[in-house]
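Working notes, structure below.
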Amino acid sequence: MSSTVSFDATDDAVVQCPYEHYRNMRDEAPVLELDGASLGRLNERVFAVSRHEDVKRILHDTTTFSSRFGGASAKPSPELMARLKEVMVDGWPSVSTLLTEDPPSHTRYRRLVSMAFTPRRVSRLEPALRQICETLVDDFGEESRVDFIAKFAVPLPIAAVATILEIPDRRREDFKRWADSSVAAIGRAITDDERVAAERDILEQQHYFVSELDARRDDPRDDFLTDLLNAELTADDEVEGGPLDTPEMLSIIRQIQVAGSETTASLLADLMVQLAEHPDEWERLKADPSRAPKVVEEALRWASPNQGLFRIVQEDTEVAGTPIPKGSTVWIMYGSADHDDRVFDDPEAFNPDRERLNSHIAFGHGIHFCLGAALARLEAVTALKVMAARLDTISVVEPESLRYGSSFILRGLEHLELDVTYQ
Ligand code: HEM
């Protein structure tokens, strides 16, 4: 399909408001070749796939479309690689695990991690999450102006993952620094010095978790790390392989931390903006907090905090009539798919009562479906219920100055100041 549509994921105007661009792509160039370098994929042919139907088909066909895209950060130069290696002489190698693996290796990881990250373990967190949310709102201190991202959206997901990983209070600040460093280079350009500093934090985190895992080898507990350590495949599993070794466990812990922090923070911030902009929805939520799951689901669709990820094409193929050669990278655009009017009526509207609410793919689809979806949902629903019980009115201070950060993978507001009154 020849078209005049162009798309630059690094253009600030696009970052701030991508949806019109996405619509043009879906309507006129559902498979659009992009400049690979602009997405940190140097010397690669990159094709952006924007329609819901095509994205879902790709997610199902894990044979043609491999997840071995090697990470979502730009590849380091040889000089930077040497500096990073120097930091890591005293560390453990980073191992490609869940997100960046294909079956059967992915199947083994997913099975073993699922034995530790169980629905029961997530649902048991609810009282702790409620308490964390209450404390964070207490910390607003009856101020009318609230820096929502710093005071709520960022700390809640970090506290949630820290609770799962049993990080003691005295190490929570370190954990936050490690989490920030782990996401620093995802989908955005940072300097070499920043990348090296981030690597030092990752090394520090590795040492911390190796000693925590060692402690559980000697003295097992009823917790996630102990279950991760002891997870073993059985004859009933569709896949073979041994238990997780130390580099694998460290990489999985890091992936949970990376995948669970900024995404959920962005969801919480966009959720509050939507409620502030739709006072009728806010009033209905206060009167009936059981609406919270619907509101969260619509915010997931609307915001799609993970806007897109990559797949590597294993054999010559075509998508929506466009040939894509073997070796190309495909950018699967969750953010565009979730605004596709072939699936969602009036997609730019925020409407928790819409039809096909659950057709969104903000958590992906198929074998890589977000491992933390239940946790992210629980955090957001708990947060909303606490907000609805504690706050009376909410509005955004200077809505015209809201800005999204520059990552084309993790879409989230940089800053959000709310004006609130209390009940
Ligand atoms: C609103 C919050 C979140 C969003 C929007 C989100 C989005 C996603 C998406 C789109 C994928 C699929 C990637 C693919 O197809 O390649 C994914 C996978 C994943 N997510 Fe999430 N996520 C969120 C929260 C979390 C949380 C809280 C955790 C963990 C505590 C988590 C852990 C993971 C992991 C480990 C994977 C890889 C799963 C696999 O490859 O089998 N995510 N997430």
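The numbering used here applies: residue 224 is where the sequence shown begins, and numbers increase by one.
Each residue gets a CB set at the ideal place from its N, CA and C atoms; glycine is no exception.
CB of residue i within 7 Å of CB of residue j, strictly
i: His-283; j: Gly-589; result: yes
i: Arg-353; j: Thr-605; result: yes
i: Trp-525; j: Phe-573; result: yes
i: Val-536; j: Val-619; result: no
i: Ala-522; j: Asp-564; result: no
i: Pro-327; j: Val-462; result: yes
i: Ser-300; j: Asp-325; result: no
i: Pro-575; j: His-562; result: no
i: Leu-438; j: Ala-339; result: The residue you asked about is not Leu; residue 438 is Ala in the sequence shown. The answer is no: Cβ separation not under 7 Å.
i: Ala-382; j: Ile-355; result: yes
i: Lys-509; j: Ala-420; result: no
i: Val-345; j: Leu-598; result: yes
i: Arg-334; j: Asp-460; result: yes
i: Arg-249; j: Arg-280; result: no
i: Ile-176; j: Ala-499; result: The displayed coordinates of the chain run from 224 to 646. Any statement about residue 176 would go beyond what the structure contains.
i: Phe-270; j: Ile-476; result: no
i: Glu-357; j: Val-566; result: no
i: Thr-287; j: Thr-457; result: no
i: Arg-613; j: Val-360; result: yes
Option in the options with minimal Cα separation from residue i
i: Ala-373; options: Thr-644, Pro-546 and Glu-640; result: Glu-640
i: Asp-642; options: Asp-615, Arg-524 and His-562; result: Asp-615
i: Leu-448; options: Leu-494, Pro-326, Arg-394 and Val-384; result: Val-384
i: Lys-308; options: Glu-422, Asp-493 and Gln-530; result: Glu-422
i: Glu-276; options: Leu-594, Tyr-645, Glu-571 and Ser-559; result: Ser-559
i: Asp-468; options: Arg-331, Val-536 and Ser-618; result: Arg-331
i: Ser-630; options: Cys-593, Asn-529 and Glu-461; result: Asn-529
i: Phe-292; options: Ile-555, Arg-395, Leu-348 and Pro-516; result: Ile-555
i: Val-272; options: Asp-424, Thr-287, Thr-286 and Leu-255; result: Leu-255
i: Val-228; options: Asp-235, Glu-243, Pro-326 and Ile-387; result: Glu-243
i: Ile-425; options: Trp-315, Val-345 and Asp-415; result: Trp-315
i: Asp-446; options: Arg-280, Glu-389, Ile-355 and Tyr-245; result: Glu-389
i: Thr-233; options: Ser-261, Leu-257 and Cys-240; result: Ser-261
i: Asp-235; options: Lys-298, Tyr-627 and Gly-465; result: Tyr-627
i: Ser-624; options: Leu-633, Asp-442, Glu-637 and Asp-503; result: Glu-637
i: Leu-265; options: Pro-342, Lys-279, Lys-298 and Arg-395; result: Lys-298
i: His-430; options: Glu-500, Asp-250, Phe-398 and Cys-240; result: Phe-398
i: Arg-534; options: Asp-370, Thr-323, Asn-247 and Val-360; result: Thr-323
i: Gly-259; options: Asp-231, Cys-240, Pro-241 and Glu-357; result: Asp-231
i: Leu-594; options: Leu-321, Val-278 and Leu-257; result: Leu-321
i: Gln-428; options: Val-278, Val-310, Cys-240 and Gly-531; result: Val-310
i: Met-304; options: Lys-517, Asp-511, Leu-490 and Asp-415; result: Asp-415
i: Glu-302; options: Arg-418, His-329 and Leu-436; result: Arg-418
As assigned by DSSP and simplified to three states, the class of residue i
i: Trp-525; result: helix
i: Ala-612; result: helix
i: Arg-368; result: strand
i: Glu-396; result: helix
i: Asp-460; result: coil
i: Thr-330; result: helix
i: Thr-386; result: helix
i: Ala-271; result: strand
i: Pro-380; result: helix
i: Ser-474; result: helix
i: Leu-532; result: strand
i: Trp-505; result: helix
i: Val-318; result: coil
i: Val-254; result: strand
i: Leu-639; result: coil
i: Ser-489; result: helix
i: Leu-633; result: strand
i: Met-224; result: Only weak support exists for where Met-224 lies, its pLDDT of 48 falling under 50; the coordinates are left without a value.
Other residues of its chain near residue i: CB distance less than 6 Å, five sequence neighbours each side excluded
i: Ala-488; result: Ala-376, Val-377 and Pro-380
i: Arg-268; result: Ser-551
i: Thr-486; result: Pro-528 and Asn-529
i: Phe-363; result: Val-369
i: Ala-596; result: Phe-586
i: Ala-351; result: Thr-386
i: Thr-644; result: Asp-615 and Thr-616
Other residues of its chain near residue i: CB distance less than 7 Å, five sequence neighbours each side excluded
i: Val-318; result: Pro-470, Glu-471 and Ser-474
i: Met-224; result: In this predicted model, Met-224 has a pLDDT of only 48, less than 50, meaning its place in the structure is not dependable enough to derive any value.
i: Pro-241; result: Gly-558
Cβ-based neighbour list, residue i, same chain, cut-off 8 Å, excluding 5 preceding and 5 following
i: Leu-348; result: Ala-383, Thr-386, Ile-387, Leu-598 and Leu-601
i: Arg-394; result: Tyr-431
i: Glu-365; result: Tyr-645
Check: residue i C-beta below 6 Å from any heavy atom of ligand 3
i: His-591; result: Only ligand 1 can be found as ligands here, which leaves ligand 3 out of the picture.
Residue i at chain B interface by Cβ criterion, 7 Å
i: His-588; result: The displayed structure is made up of one protein chain only, and chain B is not part of it.
> Would the stretch 575-582 and the stretch 598-617 be scored as touching if the rule is three or more Cβ pairs under 8 Å?
Replying inline: no
>> I'd like to know if the stretch 395-405 and the stretch 479-493 are in contact, where contact means that at least 3 CB-CB pairs between them fall below 8 Å.
In response: yes
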